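Engineer:
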Amino acid sequence: MAPENTPPHPQQETKQDTAHAPVGRLRTAAQRRAKLAEQARAEQEAVERHESGRGHRFQDSVLSHLTLKMGWFALAWAGLIVVLLLPTGPDLPLAAKQALAILVFAVIMWVTEAVSYAVSSIMILGLIAVMLAFAPPATGEGNTAMGTAASLKLALGGFASPAVALVAAALALAAAMQATGLHKRLALLVLRFAGEKTRNILIGAIVISIILAFFVPSATARGGAVVPILLGMVAAFGLQANSKLGALLIITAAQSISIWNIGIKTAAAQNQVAIGFIRDQMHTDVPWGQWFLWAAPWSALMSVALYFIMRWAIKPEVEEIRGGKEMIRQELAKLGPITGKEIRLIVVSVLLLLMWSTEDVLHPFDSTTTTLVAIGVLLTPRIGVFSWKTVEKLINWGTLIVFAVGISLGSLLLSTGAAAWLSERTFGALGLAHMPILAMIAIVTAFTILIHLGFASATSLSSALIPVFIALAMSIPNAAQGGLGFVIIQQFVISFGFLLPVSAPQNMLAYGTGAFTAKQFLKVGIPLTIVGYLLIMLFSATYWSWLGLV
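For reference, each letter of the sequence shown is one residue, going 584 to 1133 in the numbering used here.
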């Protein structure tokens, strides 16, 4: 009988290894499937969170017709017809007159939200295609109607703009942040360092908005990341969401997002509207780094002003949130250790930021090209971070339609001469083009701030006003850079969403939490708008003038 410790025969050992090998491979395959399933669940949860906070609760239901505001809808059509029937001189061709009529229709629809922005944009698209078909070409070549082939090309022109591709890619990048939860992790890490003092958390909320503005090109997505965390900190102290502490933190988050929509070129869609018009009509581009050099110092000073205004306007019940750190720790624990997807997204985002900031300095690729390449990488199986199915559900495609149609409408106003005619009849009558540039900036900035009160979408406001501002800028004698600075400054002001909860999507997201009243928001918004206006004038007289922008 062989001893107990006799080693197994080599042939026997090989058979055992062979028997165990399939088991090991099956186990590895099962673990891989489980990991993929877990990642798919995480993406699905992100989609469900996005869907739960979206839109009207009757959307696409039998009650969806209740969102139609018949009075305003009728007024928009009446405005269009009135403009078409008004007598005009030979200096306003039929195509330009039709463009102005469509602009009146669009402005009434956008301001009153008689229907959703996406629906009104489709209507505008149809109006351009149908009405312009009966007008001679805007170039003045003959008196024959251009026909639907040419008018449809005008209507769909905005969809071919590089700015639309950049916005689409930016929305996909924001979706990647939502799918992986990276934006929430970044926000939690900043607040962990902020501590439990209210003033430090206030600073932390502003810092989060600054950091996320670089990497999340969607104001709504940034708000969706920060607001729930701040509300959680308020709840950790046992206070209601509508406490003074809640109002302090949530208003700060919304206002700081608006401030850095100006500081970072890729932080907001309305910036891309302006850049598209500037590229097409003024034949110049504004690199990411150039925009940052112009706007970031202004936003930095506004962030400091926001801190002190918030400390003055709203006195919280407590000066310290005991248990805040523990809440942050628990939230980070729920997220678990950083995943491979998050690491890959960080690498891609940092590389993308480097490409943006060195545009036209170290390489010839514009922001649109680099962002599209980055999204292609993020969607690539195995090395990417999310699937196309997730992208389809996380992106609000209506935003792209509104954006593209806004560009089409603005381009129509410029190409038909309607924008120049409107600029001459409004600003020209005041003699603005012959005023000193600082006086022009002062008057038009005040006008832009006031008209913003009627618009809930800065993208729509930019589509309506930037063509008119370009026409005005090009009429300024000896303007620096052909009037580029004047247009850029007005685009900064278009992003002022400080006064009302309805002035910006991130404001509405914050207002929907019930953390503050419109009166509280206005109490902060009025001094913040005044400071913003004064800083615009100060920078125009000094910093921007030194840089040759004004």
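The C-beta atom is built at its ideal place from N, Cα and C for all residues, glycine as well. All values derive from a computational prediction rather than experimental measurement.
1. Tell me the DSSP secondary structure of Lys780 in three-state form.
2. Counting only the same chain and skipping the five closest in sequence on each side, list residues whose C-beta sits under 8 Å from that of Met714.
3. Taking just the CA atoms, how far does Leu675 sit from Thr999?
4. Which residues in the same chain as Ala759 place their Cβ atom closer than 7 Å to its Cβ, once the five residues preceding and following it in sequence are excluded?
5. Three-state secondary structure (DSSP) at Glu903?
6. According to DSSP, is Ser1123 part of a helix, a strand, or is it coil?
7. Per DSSP, which residues does Glu942 bridge with? Please list them.
8. May I have the straight-line CA-CA distance separating Pro899 from Ile705, to the nearest angstrom?
9. Could you give the DSSP three-state label for Asn825: helix, strand or coil?
10. What is the rounded straight-line gap between the Cα of Met1057 and the Cα of Ala678?
11. In angstroms, rounded to a whole number, what distance separates the CA positions of His946 and Ala757?
12. For Ala1002, count neighbouring C-beta atoms within 10 Å of its own C-beta (all shown protein chains included) and say buried if the count is 16 or more, exposed if not.
13. Return the first residue and the last residue of the alpha helix (DSSP H) that Asn854 is part of.
14. Tell me, to the nearest whole angstrom, how far the beta carbon of Gly1048 is from that of Thr1031; I am working on the premise that it is less than 8 Å.
15. Closer than 7 Å by C-beta to His718: which residues in its own chain qualify, once you throw out the five before and the five after it? Chain order, please.
16. Of the choices Trp1004, Pro1019, Met1120, whose alpha-carbon is the least far from that of Pro673?
17. Assuming Gly741 and Val988 form a contact by the criterion Cβ under 8 Å, report the distance between their Cβ atoms to the nearest whole angstrom.
18. When you compare only the Cα positions, how much space is there between Val1051 and Pro920?
19. Cα-Cα, which of Ser801, Gly1066, Leu785 is closest to Phe1132?
20. Would the segment 792-802 and the segment 839-849 be scored as touching if the rule is three or more Cβ pairs under 8 Å?
21. My output table needs one value for Lys898: the three-state DSSP class, helix, strand or coil.
22. Do Val810 and Ala1062 have their CB atoms nearer than 8 Å?
23. Please go through the same chain and pick out, in chain order, the residues whose beta-carbon is closer than 7 Å to the beta-carbon of Ser826, but skip the five residues on each side of it.
24. Taking DSSP as the reference, what is the three-state secondary structure of Arg1008?
25. Could you give the DSSP three-state label for Leu1132: helix, strand or coil?
26. If we count the other Cβ atoms within 10 Å of its Cβ and call it buried at 16 or more, is Glu925 buried or exposed?
27. Take Leu1152 and list the residues in its own chain whose beta-carbon comes closer than 8 Å to its own, dropping the five residues that flank it on each side.
28. Buried or exposed for Val887, please, with buried defined as at least 16 other CB atoms from any protein chain shown within 10 angstroms of its CB.
29. Residues in its own chain within less than 7 Å of Met865 by CB, not counting five upstream and five downstream?
30. Classify Phe986 as helix, strand or coil using the three-state DSSP reduction.
31. Does the segment 867-876 come close enough to the segment 1082-1091 to have 3 or more Cβ pairs within less than 8 Å?
32. Taking a contact to mean a Cβ-Cβ separation below 8 Å, would you say Trp877 touches Leu1117 in this structure?
33. Determine the closest residue to Val931 out of Val956, Val944, Thr952, with distance taken between C-alpha atoms.
34. With three or more C-beta pairs closer than 8 Å as the rule, is the segment 1066-1084 touching the segment 779-796?
35. Is DSSP giving Ala1098 helix, strand or coil here?
Structural biologist: The answer reads as follows:
1. Counted from its first residue, the sequence shown places residue 780 at position 197. Three-state result, Lys780: strand.
2. Here residue 714 corresponds to residue number 131 of the sequence shown, with the count starting at 1. Closer than 8 Å at the Cβ level, and outside the excluded window around Met714, lie Gln681, Ala684, Ile685, Ser734.
3. Translated into positions along the sequence shown, residue 999 becomes position 416. Translated into positions along the sequence shown, residue 675 becomes position 92. Computed Cα separation, rounded: 9 Å.
4. For the purposes of this step, residue 759 is taken as the residue at position 176 of the sequence shown. Only Leu928, Leu961, Val968, Phe969 meet the Cβ criterion.
5. Locating residue 903 in the sequence shown gives position 320, counting from the first residue. Strand.
6. As a first step, residue 1123 must be located in the sequence shown, where it is residue number 540. It is helical.
7. Mapped onto the sequence shown, residue 942 falls at position 359. DSSP lists His946 as partners of Glu942.
8. Counted from its first residue, the sequence shown places residue 899 at position 316. Counted from its first residue, the sequence shown places residue 705 at position 122. Spanning the two alpha carbons is a distance of roughly 46 Å.
9. Taking the first residue of the sequence shown as 1, we reach residue 825 at position 242. Coil, per DSSP.
10. What you label residue 1057 is simply residue 474 of the sequence shown in a count that begins at 1. What you label residue 678 is simply residue 95 of the sequence shown in a count that begins at 1. Near 21 Å, if we compare the C-alpha coordinates of Ala678 and Met1057.
11. Here residue 946 is taken as the residue at index 363 of the sequence shown, counted from 1. Here residue 757 is taken as the residue at index 174 of the sequence shown, counted from 1. Going by the C-alpha atoms only, they are around 25 Å apart.
12. In the sequence shown, counting from the first residue as 1, residue 1002 sits at position 419. Buried, since its Cβ has 16 or more Cβ neighbours within 10 Å.
13. Here residue 854 is taken as the residue at index 271 of the sequence shown, counted from 1. Residues 852-864.
14. By one-based count along the sequence shown, residue 1048 stands at place 465. By one-based count along the sequence shown, residue 1031 stands at place 448. Checking the sequence, you will find Leu at residue 1048 rather than Gly. Leu1048 to Thr1031, Cβ: 7 Å. Contact.
15. Taking the first residue of the sequence shown as 1, we reach residue 718 at position 135. The residue asked about is misnamed: residue 718 is Ala in this sequence, not His. For Ala718, where only same-chain residues beyond five positions count, the Cβ hits under 7 Å are Leu677, Ala678, Gln681, Ala728, Met729.
16. By 1-based counting over the sequence shown, the position of residue 673 is 90. Of the candidates Trp1004, Pro1019, Met1120, the one whose C-alpha sits nearest the C-alpha of Pro673 is Trp1004.
17. Sequence index remark: in the sequence shown, residue 741 carries index 158 (1-based). Sequence index remark: in the sequence shown, residue 988 carries index 405 (1-based). Gly741 to Val988, Cβ: 6 Å. Contact.
18. In the sequence shown, the residue the question calls residue 1051 occupies position 468. In the sequence shown, the residue the question calls residue 920 occupies position 337. Rounded to the nearest angstrom, the two C-alpha atoms are 51 Å apart.
19. As a working note, residue 1132 is residue 549 in the sequence shown. For the record, residue 1132 in the displayed sequence is Leu; it is not Phe. Ranking the options by Cα distance to Leu1132, first place goes to Gly1066.
20. yes
21. For this step, residue 898 is matched to residue 315 along the sequence shown. Reduced to three states, the DSSP call for Lys898 is coil.
22. Within the sequence shown, the letter at position 227 stands for residue 810. Within the sequence shown, the letter at position 479 stands for residue 1062. No, the Cβ-Cβ distance between Val810 and Ala1062 is not below 8 Å.
23. As a working mapping, residue 826 is identified with position 243 in the sequence shown. If we look at Ser826 and ignore the five residues flanking it on each side, its Cβ neighbours are Val817, Glu900.
24. Taking the sequence shown and counting its residues from 1, the one referred to as residue 1008 is at position 425. The answer is helix: DSSP assigns Arg1008 an H, G or I state.
25. What you label residue 1132 is simply residue 549 of the sequence shown in a count that begins at 1. Leu1132 falls in the coil class under three-state DSSP.
26. As a working mapping, residue 925 is identified with position 342 in the sequence shown. Its Cβ being crowded by 16 or more others within 10 Å, Glu925 is buried.
27. Here the chain comprises residues numbered 584 to 1133, so residue 1152 is not present and cannot be evaluated.
28. Working through the sequence shown from its first residue, we reach residue 887 at position 304. Exposed, since its Cβ has fewer than 16 Cβ neighbours within 10 Å.
29. Walking along the sequence shown from the start, residue 865 turns up at place 282. Same-chain partners within the cutoff: Ile1053, Gly1065, Leu1067.
30. Reading the sequence shown from its first residue, position 403 is the one you call residue 986. Reduced to three states, the DSSP call for Phe986 is helix.
31. no
32. Your numbering for residue 877 matches position 294 in the sequence shown. Your numbering for residue 1117 matches position 534 in the sequence shown. No.
33. Here the question's residue 931 lines up with position 348 in the sequence shown. For the residues Val956, Val944, Thr952, the minimum Cα distance to Val931 belongs to Val956.
34. no
35. If you number the sequence shown from 1, residue 1098 lands on position 515. Residue state, collapsed to three classes: coil.
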